[in-house]
Structures are given as C-alpha cells and as structure tokens.
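Trainee:
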Amino acid sequence: MKVQDKHYRSIWLDDDGRTVKIIEQRLLPHEFKIVDLTSRKDAEIAIADMLVRGAPLIGATAAYGMALAMAEDTSDAYVEQSWQALNKTRPTAINLRWALDRVKSVLLPLAPNERLEAAYKLAIEICDEDVEINRKIGENGLAIIREIAAKKKPGETINILTHCNAGWLATVDWGTATSAMYHAQEAGIPIHIWVDETRPRNQGAQLTSWEMAGHGVPHTLIVDNAGGHLMQHGQVDLVIVGTDRTTAQGDVCNKIGTYLKALAAKANNVPFYVALPSPTIDWTVNDGIKEIPIEERTGKEVTHVYGKLADGTVTSVQISPDSTPGGNPAFDVTPANLITGLITERGVCAANNEAMLKLFPEHA
Ligand code: MRU
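Mapping the sequence shown onto numbering that gives the first Met the number 0, position 170 (from 1) lands on 169, and the numbers just tick up by one.
Here's what the structure looks like:
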C-alpha cells in the first residue's frame, strides 16, 4: 500500500538480491524507518522484538530468515537448527511454522549448493502468494459489505469495527481485514472504521489508524471498551478482525480482546467476520481454547504506554503504581459459535469443519 504516494510492501528484497528490507513497526506512526535484515539472527530479532508482527508477515519474515540462514551455512544440520531458532520467536501465529515447514521441506531434498537460491526463490513466492491471498480476501469481503449496503438507504455509511492491526503492515500487502475495507472504498461504498486502540501495545492506535489515514479511509479511534456500547446503539454494521491461528473446527485465536468483541456482537446481532488466509488455519488443532499456545508478554507493556510528548519526544511512561505487576496474555480464542463467517481467499464459509473443508477439500 502507499506511504506518501510511494508503494511499499511490509517486507521486500533489496536490489542486491540478499538483503531483506522491513519497516520498523515499533516506531510507527511517529517515524517511518526501513531496517535491513542481513542474517538469520536479524530475522529472529525482528520477529521476537516485534519490529515486524501480524501472522502473515511473521511467516514471510521467517521464510526470508531461512534464506538468510542459507547464506551462512547450507548443511542439513543448519537447516534444522534455523527452523528451530526461528520457530521459537513467537508462539501463537501458526503462519510461522507453516512457512518454516514449507521452506524446510523444499530445502532438505536439494543438494546443499542449490539451497541458497531455492530459499530466496521460495521466500519471494510466499510473499507474492500472501499478496494475492489478501487481494482475494478483499474481494470476498467486499461482497459482504455490498450485501449490508443493499439493506441500508442509498449512500448511507457502513460502520465497520476492527481490532488490532490486520492491515497491510501485518501481511505483505493489502492486509486481511483491511483488504475488504480498501476494496469497498475503491468501489465507492461509503465506509467508516471504528479502530479499537488494542491495548496493551496499541496496534490499532498506532498502526491501523496510520494505515487508514494514509489511504483516506474515514475512521475513528476508540478505546477497547467502547465497542459494546456502539453496538447497542446501532453504530456498528459489522465487525471484521484478523486471526493468528484458526482451528480445523473454526475457533479463532486473535489479539487479546477479540473474544469480548465477538460476545458483544452476538448479543447485539452484529455480524462478526474473520478475515482468514488459508496458511493461518492449523488443521492439526481442534479445540482452540485447550490447544493453542497463548503468548504471555512482559507486564511492562501493560504498566507503561508509549507515545509522543508535546515537545515531540517519543517515549514510554508508567501509568500504574511502582509495585503493581502487569499481566499480559497477548491473544484469546473466540469460539466458532460466535463467528458469523470466515472470509478466505476461496470464498466465505461458516466457522465449522464441514464448511471449511468444502473450500479446502485437500485437507479432508
Ligand atoms: O501481536 P501481533 O501484533 O503480532 O498480533 C497481530 C494480530 O493479532 C492480528 O490481528 C493477526 O495477526 C492477523 S494479521 C492479518
């Protein structure tokens, strides 16, 4: 998508064909900085310290991490060791393991001297595929927005609530939840986005708002607790969120707070959709609540907030007593029965195994 009229992806290969470029997301929206990844270790740090984040981008960065690793050592042992090191950078988004498995399964049967080029080729392929998946999710999401628009007065605004950042910064391009929004905007449907701030790291406030502002999409930043109230007052027509891991039964694990939005949506008859690229489906998991590992992050993200002071300095400030500890589960699971539909690249389906398998019969 565009940053000051120039098109960017969230990750790309430099002209030297080896250096991987990313946007340092921790600095947004106050500073736009591009960072080079030149080693496997750089890729590990970028994922673990959240310079990059969002399930599809975590997968894409891991694929490039394997390519960077092959520039260091192409042995079988190093392929395995790199898989292990990258796989432990973040626990919840399944796209990480999906991308690593895919790269490893291509590399191991090859001769070591073929692995470097093959790994880069595959990382590029994974990125291009992600862009195309998200474009299609946008088209399929647009059909839902059109249906809702058809039930409203001509020209009436559709209010969409979203949580966290399932935008282009969380993917390689387009975003998942936001792709439908951009497609609706392009189609001339008047939309307005309620952006949940998404404490504690404020991905909504810092990233989704920045993306929406950059593309002229009307939006309003709200506190995480406002969604239920807005739904009660008819001010939300639909919710679209992303996902870090969706089970074979349609339970959706996403940023902490998603579950509460789904409960509020159900209570208020507001359609609740999940934008779901197929690499985010974990076909090996059935019970999302029992089986998905939930990342526990430092309490400091809760006791402190990061922002810009009046003098322009960007800093972190403490908001709680010195002795109060912060608890910080980073994701939650929304059970399938709270979900109206899954918007995938192959179409929209109900959140259940039968419907998912109709779209993805190869996983039967
Ligand atoms: O902790 P983050 O910022 O990596 O969490 C991101 C999310 O929860 C997104 O909603 C999810 O990855 C979907 S991205 C298309």
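Ideal Cβ positions, reconstructed from N, Cα and C, are used throughout, including at glycine.
Could you have a look at D195 and say whether DSSP puts it in helix, strand or coil?
Mentor: Looking up residue 195 in the sequence shown gives position 196. In this structure, D195 counts as strand in the three-state DSSP scheme.
Trainee: Under the criterion of a Cβ to heavy atom distance below 7 Å, does A165 qualify as lining ligand 1?
Mentor: Against the sequence shown, residue 165 aligns to sequence position 166. At least one heavy atom of ligand 1 is nearer than 7 Å to the Cβ of A165, so yes.
Trainee: My output table needs one value for Y305: the three-state DSSP class, helix, strand or coil.
Mentor: Taking the sequence shown and counting its residues from 1, the one referred to as residue 305 is at position 306. Strand, per DSSP.
Trainee: If we ignore side chains and look at the alpha-carbon of each, how far apart do W191 and G233 end up?
Mentor: For the purposes of this step, residue 191 is identified with residue 192 of the sequence shown, where counting begins at 1. For the purposes of this step, residue 233 is identified with residue 234 of the sequence shown, where counting begins at 1. Note that residue 191 corresponds to His in the displayed sequence, not to Trp. Distance between the alpha carbons of H191 and G233 is about 14 Å.
Trainee: Report the CB separation of P111 from T73 in whole angstroms; it is logged as a contact under 8 Å.
Mentor: The sequence position of residue 111 within the sequence shown is 112, counting from 1. The sequence position of residue 73 within the sequence shown is 74, counting from 1. That pair is a contact at about 4 Å.
Trainee: Is N253 near ligand 1 - that is, is its Cβ less than 7 Å away from at least one heavy atom of it?
Mentor: The residue given as residue 253 occupies position 254 in the sequence shown. The answer is yes for N253.
Trainee: Taking 7 Å as the line, does the beta carbon of D281 fall inside it for any heavy atom of ligand 1?
Mentor: Here residue 281 refers to the residue found at position 282 when the sequence shown is read from its first residue. It does not: the Cβ of D281 is nowhere closer than 7 Å to a heavy atom of ligand 1.
Trainee: On the criterion of 16 or more Cβ atoms from any shown chain inside 10 Å, does R17 qualify as buried, or is it exposed?
Mentor: The residue given as residue 17 occupies position 18 in the sequence shown. With fewer than 16 other Cβ atoms within 10 Å, it is exposed.
Trainee: Can you tell me whether DSSP reads D127 as helix, strand or coil?
Mentor: Taking the sequence shown and counting its residues from 1, one reaches residue 127 at position 128. Here D127 sits in helix by DSSP.
Trainee: Would you list the residues sitting across from E295 in a DSSP beta bridge?
Mentor: Mapped onto the sequence shown, residue 295 falls at position 296. Answer is P328.
Trainee: In the DSSP output, what is K20 paired with across the bridge?
Mentor: The sequence position of residue 20 within the sequence shown is 21, counting from 1. DSSP output for K20 lists W11, D35 as bridge partner(s).
Trainee: Heavy atom of ligand 1 less than 7 Å from the Cβ of A142, yes or no?
Mentor: As a working mapping, residue 142 is identified with position 143 in the sequence shown. Outside the cutoff, so no.
Trainee: S178 and G137 look like a contact to me (Cβ under 8 Å); what is the Cβ gap, rounded to whole Å?
Mentor: Taking the first residue of the sequence shown as position 1, residue 178 is located at position 179. Taking the first residue of the sequence shown as position 1, residue 137 is located at position 138. Contact holds; Cβ gap of about 3 Å.
Trainee: Measure the alpha-carbon distance for E30 versus P270 and round it to whole angstroms.
Mentor: Working through the sequence shown from its first residue, we reach residue 30 at position 31. Working through the sequence shown from its first residue, we reach residue 270 at position 271. In a straight line, the C-alpha of E30 is about 36 Å away from that of P270.
Trainee: So does Q205 have its beta carbon nearer than 7 Å to some heavy atom of ligand 1?
Mentor: Here the question's residue 205 lines up with position 206 in the sequence shown. Incorrect: Q205 has no Cβ contact closer than 7 Å to ligand 1.
Trainee: Is it true that the region 139-159 meets the region 345-353, where meeting means three or more beta-carbon pairs spaced less than 8 Å apart?
Mentor: The answer is yes - the region 345-353 touches the region 139-159, with three or more Cβ pairs under 8 Å.
Trainee: Quick one: is the Cβ of A92 within less than 7 Å of any heavy atom of ligand 1?
Mentor: Working through the sequence shown from its first residue, we reach residue 92 at position 93. Correct: A92 has its Cβ closer than 7 Å to ligand 1.
Trainee: Taking 8 Å as the threshold, find out whether the region 212-225 comes into contact with the region 305-321 through three or more Cβ pairs.
Mentor: No: the two stretches stay apart, fewer than three of their Cβ pairs being nearer than 8 Å.
Trainee: Where does R200 fall in DSSP's three states?
Mentor: Translated into positions along the sequence shown, residue 200 becomes position 201. Residue state, collapsed to three classes: coil.
Trainee: Might you give, ordered along the chain, the residues of its own chain that have their beta carbon closer than 7 Å to the beta carbon of N267, omitting 5 neighbours on each side?
Mentor: Here residue 267 corresponds to residue number 268 of the sequence shown, with the count starting at 1. Excluding sequence neighbours, N267 sits near M230, Q231.
Trainee: Just grab the DSSP bridge partners of Q317 for me.
Mentor: Here residue 317 is taken as the residue at index 318 of the sequence shown, counted from 1. In the DSSP output, where bridge partners are listed per residue, Q317 has H303.
Trainee: A261 and I367 - do their beta-carbons sit closer together than 8 Å?
Mentor: For the chain, the structure presents residues 0 to 363; residue 367 sits outside this window and is missing.
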